[in-house]
Amino acid sequence: MIVAVGHDLIETARIRGLLEREGERFYRLFAPAELEYCARLSDPIPSYAARFAAKEAFQKVWPRPHGWRDVWVERPRTPDGPFPYAAPLLGFSAAIAAQMELHGWSAHLSLTHTREHASAVVILEARGLEARE
């Protein structure tokens, strides 16, 4: 059963401006795996923007405020198959993961970006019979 849907759309220019203004402090918004993934790209800004949008979209489905590094986008490597990375997943701090487990929730993520915009959708789902209120 769907518990909530969150969506966020951001202009990549806003993220580029944030990096220019904040310098090294900008990188504190992202988990190490996010930084590592984006650093491999010729233009990491659209991917940073998509990750920023994912954090914002998750906040729209989560009942309490969370920190920037409490939620992150994971792109597991796939050694086999046509793509080097699996579909993006959300990762959570221990506190959020515990609450997700307690309520029987899972989160689904969809990301997209262009040079100008990035968007993320998060669906919070109560899993089967073990879902609790």
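Residue numbers (my numbering): 883 to 1015. Glycine included, C-beta positions come from ideal geometry on N, C-alpha and C.
Distance between HIS990 and ALA969 (C-alpha atoms, nearest Å): Separation of ALA969 and HIS990 (C-alpha to C-alpha, rounded to the nearest whole angstrom) is 11 Å.
Beta-carbon proximity of ARG957 to ALA913, cut-off 7 Å: No, these two residues do not count as a Cβ contact at 7 Å.
Inter-residue Cα distance where the pair is VAL885 and ILE892: Cα to Cα, VAL885 sits roughly 24 Å from ILE892.
Reference HIS999; option with closest CA among ALA976, ALA979, LEU923 and ARG898: Nearest of ALA976, ALA979, LEU923 and ARG898 to HIS999, Cα basis: ARG898.
Spatial distance of VAL953 from ALA915 (CA atoms): Distance between the alpha carbons of VAL953 and ALA915 is about 11 Å.
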